[in-house]
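Student: Numbering (the working numbering), first residue to last: 385 to 435.
C-beta atoms are modelled at their ideal positions from N, C-alpha and C, and glycine is treated no differently.
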Amino acid sequence: MCAGAAAYLMKIGRPTVAMRIAFAFGDAKVSDWDEAQELVVEPLVQGDRNE
385 MCAGAAAYLM KIGRPTVAMR IAFAFGDAKV SDWDEAQELV VEPLVQGDRN E
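(1) Tell me whether glycine 397 sits in a helix, a strand or coil according to DSSP, three-state version.
(2) Let's test the definition: count the other Cβ atoms within 10 Å of the Cβ of methionine 403 and tell me whether it reaches 16, buried, or not, exposed.
(3) Would you kindly report the start and end of the unbroken alpha helix (DSSP H) that includes aspartate 418?
(4) What's the gap between the Cα of leucine 393 and the Cα of leucine 423?
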């Protein structure tokens with residue numbers, strides 16, 4: 385996965401299973417994508433799709 389995709393997923397609060405495993409084992413931190421999130425486009429839809 386590219387860093388941009390990871391930053392976007394973190395921005396919308398939807399990390400992949402692999403990302404969550406990396407967080408759990410300490411191989412990555414949630415804050416690793418903080419700077420990149422500012423450069424990523426805003427999501428078109430936020431929140432629950434059933435709203």
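Tutor: The answer reads as follows:
(1) coil
(2) buried
(3) 418 to 421
(4) 13 Å
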